[in-house]
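Here's the structure, in structure tokens; my notes come after.
2 protein chains.
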Amino acid sequence: MTRDEASGAGCDPADLPRHPRAYPESLPVTGAWQPGDEVGGRLFLDVAPGRPFALEGGGVLDQVTMAYETWGELAPGADNAILVCHALTGDSHAFGRSGNGHATPGWWNGVIGPGCAIDPERHFIVCVNVLGGCQGSTGPSSIEPGTGRPYGSRFPTVTARDMVRCQAAVADHLGVDRWLGVVGGSMGGMQVLEWGVMFPRRVRSLAPLCTAVAASAQQIAWSAVGRTALALDPRFRGGDYYDAGPGDGPAAGLAIARSVAQITYRSNEVFTERFDRELVNPRAVYGPWDRFQVESYLDYHGAKLVRRFDANSYLVLNRSMDLHDIARNRGSLESAVARFSSVPVLTLSIVSDTLYPTVQQTTMRDIVRAGGGRCDHHVIKSPDGHDGFLLATREVGSHLAGFLREVEGNG
Amino acid sequence: MTRDEASGAGCDPADLPRHPRAYPESLPVTGAWQPGDEVGGRLFLDVAPGRPFALEGGGVLDQVTMAYETWGELAPGADNAILVCHALTGDSHAFGRSGNGHATPGWWNGVIGPGCAIDPERHFIVCVNVLGGCQGSTGPSSIEPGTGRPYGSRFPTVTARDMVRCQAAVADHLGVDRWLGVVGGSMGGMQVLEWGVMFPRRVRSLAPLCTAVAASAQQIAWSAVGRTALALDPRFRGGDYYDAGPGDGPAAGLAIARSVAQITYRSNEVFTERFDRELVNPRAVYGPWDRFQVESYLDYHGAKLVRRFDANSYLVLNRSMDLHDIARNRGSLESAVARFSSVPVLTLSIVSDTLYPTVQQTTMRDIVRAGGGRCDHHVIKSPDGHDGFLLATREVGSHLAGFLREVEGNG
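Taken in sequence, the protein lines are chains A and B.
If you're matching positions, the first sequence starts at 1 in our numbering and goes up one per residue.
If you're matching positions, the second sequence starts at 1001 in our numbering and goes up one per residue.
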């Protein structure tokens, strides 16, 4: 067990070091899981068994499995269920320890937990690995029925709308007619917004955090350059690399895509504070490939992702983010937002987030309000950039707790 | 001749379209060259003939050639000479048309030109292709003496200090004992600062624009990811790709490095204004590699750079930027800056520049002033991001003109 996994600071992570300089022994500690809690067991659901699942983009999947986890218990009135939607490289393990099939601790420990905003002692919490993912749900590495081989390059394009339809099937299965809240940041927030447009009567509140009503040109540009780099890796083999042998996939390419993303997820301020111009080896300065600490950091995060994530899933989910646009084929942004005008919305911005800048969340807020809806908006003064929605658990949790309590009170 | 090259708007580019939506027929027009001007002829100087040239990093070059261009005439008192230092993918062709050996029009047309801040009718203007470059100066694609083969991977690490020593040799050759001004943005600004520290008595003024006293962790991170992507290209062959056959170099890898850089050079605002979510083909939406216009833009700029730039030069110059730190081996930043405390300094920021954010230039200003020096600082309200130092020619030229005139008046 690493130090991360053993940490148990409950919902008060203030005593944890935020940006230790030494690396990589002390990665940022985001976990706040309580020792003694059980690891959430992963469950599986066959969505629409026996029927093909038609995707928004025109593709068809003959069989769709959703992997999900739950924490807490559904109340007799089924009015305490919260759906947590994960971001690009997240999975269903939003809460708990690592180990037992989970490569990392819960990605939202500290927002989810006993006494936290989303509380397994009060709420029935559900998190579903998205369609196209690689942590149990159907994705490019799944076996294509009838072929006995992984989909690879044949896996179809999926969108946030497809993901939400799969999540709705899980809700049906679990007996959740209406979520108390649907909550998520970044790519997760895209799903939250689609829940509002697609199933407004199935949601009592929405919390799309650090996200946008549509991916911007700059966001698409960052995605594109990462995907192009990944595909340049000769081991990518057009996406059909699963038969090439264990470990012979496009690890280098995926690591580069991750590095690009990792820089956009953080901020200039944090990079300067943590790494400044420190060298890996202070005596190795002038070699063409001598390295600064920040390069080592990028390599480390690239290698870490490669160990737990499939390159094809990265491409598929990344592309779904580029395609995110709640207005597509719905006439206008206004008419899409009008669908959930009776549902209270909370959105958050991180002041240092240059990837999903505050203007995207204020745009969302203004459109919701212009349509007669309610949208609360807060800016969190964290230096952590886009990753603030994962790291600033105290501030995110505080705003979310207040919002959810009010929604619960109005039940 | 393209539309860019034919444009002749003098120093008033206000009537040129700034951000046309259609693409790629209408790239941003930065040229302001006057028809009838001659293309600057490229000249060559053998630096320290017969003697090895020892580099800061420990490498040695047996022969060093500098390619440079000049415009205007050196005054009898040799007091009107301005050195213009180019940025990463620039070259000596700071002013003039394209054609006749120049792939692009002068990169600072509009700042340089008749009636402009830097005026060939009043000034003797010099621009030197940097050491490590690929436009005539010695670089990785040059033939290594005694081997008959290009250096490739054997080309040593160079720093801004090495570049400046080569420029000083050109100054000696041209009879310029003291520059009226040394001027440049981004990587060019790094050389400007090194001129101040290394040769304070040879400069009457310094204008390091949109640059920093040392590369930041985030800037290093962006460099690193581009270089790693370039090296992933199987055609890179560790840097020894020149013998592989014409056009068989790491074009795809260099294009990715360029794409990464291109996004950091611009701004979210400009990308949204120019491209938003427009598709290359509005009917091709859901294919895994269907493209948005912004992707086409990145591809175009990648391909354009590949046609005129050597991948090894890109790596060498990029690395020199990471190594930029005027304090290195000089005790402290303060003691380095103290060397040019009697030289007036002008620096500029672009408000939307997230790669070289304003805080870097205010830091520079504050350190110069704390040491008793003079540093003027202005923020230009351009949406063009870091590239604003190339594109906002009117504003850059205006500040530069006022600064240089004052220095000239104090001659």
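Beta carbons: idealized from backbone N, C-alpha and C, even for Gly.
In this text, all values refer to a predicted model and were calculated from it rather than measured experimentally.
C-beta neighbour in chain B for A:T228, strict 7 angstroms: yes
Does DSSP put A:D37 in a helix, in a strand, or in coil? With a pLDDT of only 36 at A:D37, under the threshold of 50, the placement of this residue in the model should not be trusted; the figure read from the coordinates follows. Three-state DSSP puts A:D37 in coil, outside helix and strand.
Determine the contact status of B:P1208 and B:R1339, defining contact as a CB-CB distance below 7 angstroms. no
Entirely enclosed beta strand (DSSP E) segments - the region 1262-1290 of chain B, minimum 3 residues: none
Taking Cβ-Cβ distances below 7 angstroms as the criterion, which residues of the region 235-269 of chain A are in contact with chain B? A252, G253, I256, S259, V260, I263, N268
Residues, ordered as in the chain, of the region 1209-1224 of chain B that lie near chain A by beta-carbon distance below 8 angstroms: A1214, A1215, S1216, A1217, Q1218, I1220, A1221, W1222, A1224
Interface flag, B:G1133 vs chain A, CB-CB below 7 angstroms: no
Just by C-beta distance, which residues in the region 161-185 of chain A are closer than 8 angstroms to chain B? none
Taking 7 angstroms as the CB-CB cut-off, is A:G10 touching chain B? Below a pLDDT of 50, predicted positions are generally treated as unreliable, and A:G10, at 47, falls in that range; no measurement from the model is reported.
Hey, A:R308 and A:A103: beta-carbon distance below 7 angstroms or not? yes
Using the Cα positions of B:D1290 and A:G90, report the straight-line distance between them to the nearest angstrom. 25 angstroms
For the structure I just gave you, are there three or more beta carbon pairs, one from the region 374-392 of chain A and one from the region 238-247 of chain A, closer than 8 angstroms? no
Sheet register partners of A:P208 (DSSP bridge): A:G184
Between B:L1317 and the rest of its own chain, which residues show a CB-CB distance below 6 angstroms, the 5 nearest in sequence each way excluded? L1088, G1132
Please report the distance separating the alpha-carbon of A:V176 from that of B:A1257. 48 angstroms
Helix, strand or coil for A:T30 per DSSP? Only weak support is given to the placement of A:T30: the predicted model assigns it a pLDDT of 28, under 50, and the value that follows is read from those uncertain coordinates. It is coil, neither helix nor strand.
For chain A, check one thing: does any of its Cβ atoms lie closer than 7 angstroms to the Cβ of B:S1295? Here residue 1295 of chain B turns out to be Glu, not Ser, going by the sequence shown. Closer than 7 angstroms to some Cβ of chain A, the Cβ of B:E1295 qualifies, so yes.
Flag B:G1058 as yes if its beta-carbon sits less than 7 angstroms from any beta-carbon of chain A, otherwise no. yes
Short check: CB of A:S296 to CB of A:P383, under 7 angstroms? no
In angstroms with no decimal places, state the Cα-to-Cα distance between A:H399 and A:F44. 32 angstroms
Which whole-angstrom value describes the C-beta separation of B:G1113 and B:F1095, a residue pair presumed to lie in contact below a C-beta threshold of 8 angstroms? The Cβ separation is near 6 angstroms, so the contact holds.
Within 7 angstroms, strictly: CB atoms of A:V337 and A:V368: yes
Give me the Cα-Cα distance between B:N1080 and B:W1107, rounded to the nearest whole angstrom. 21 angstroms
Please name the residue or residues paired with A:P150 in a DSSP beta bridge. A:I143
By DSSP's criteria, B:V1064 is part of a beta bridge. Which residues make up the other side? B:V1047
Closer than 7 angstroms by beta-carbon distance: list the chain B residues that pair up with A:D366, in chain order. Going along chain B, no residue has its Cβ under 7 angstroms from A:D366, so there is no contact; the nearest lies around 16 angstroms.
Alpha carbon to alpha carbon, what distance is there between A:P145 and A:L346? Distance between the alpha carbons of A:L346 and A:P145 is about 41 angstroms.
Specify the secondary structure class of B:I1256 as computed by DSSP and reduced to three states. Here B:I1256 sits in helix by DSSP.
Would you mind telling me which residues of chain B sit closer than 7 angstroms to A:L61, beta carbon to beta carbon, in chain order? Ordered by position in chain B, no residue passes the 7 angstroms Cβ test against A:L61, which lies about 14 angstroms from the chain.
Determine whether the beta carbon atoms of A:F155 and A:L74 lie at a separation below 7 angstroms. It is not a contact, given that the beta carbons lie outside the stated cut-off.
For the region 1080-1100 of chain B, list every residue whose C-beta sits within 7 angstroms of some C-beta in chain A, in sequence order. none
Cut-off 7 angstroms between Cβ atoms - residues of its own chain near A:R365, not counting five sequence neighbours on either side: T347, C375, H377
So that I know if they touch, is there some Cβ in chain B lying closer than 7 angstroms to that of A:F53? no
According to DSSP, is B:D1299 helix, strand or coil? helix
Assumed close pair A:V183, A:V197 - CB separation to whole angstroms, cut-off 8 angstroms: Between A:V197 and A:V183 the Cβ distance is about 16 angstroms, and since that is not below 8 angstroms, they are no contact.
Pair within 7 angstroms by beta-carbon distance, A:F275 and A:Q293: In this structure, A:Q293 lies closer than 7 angstroms to A:F275 by Cβ.
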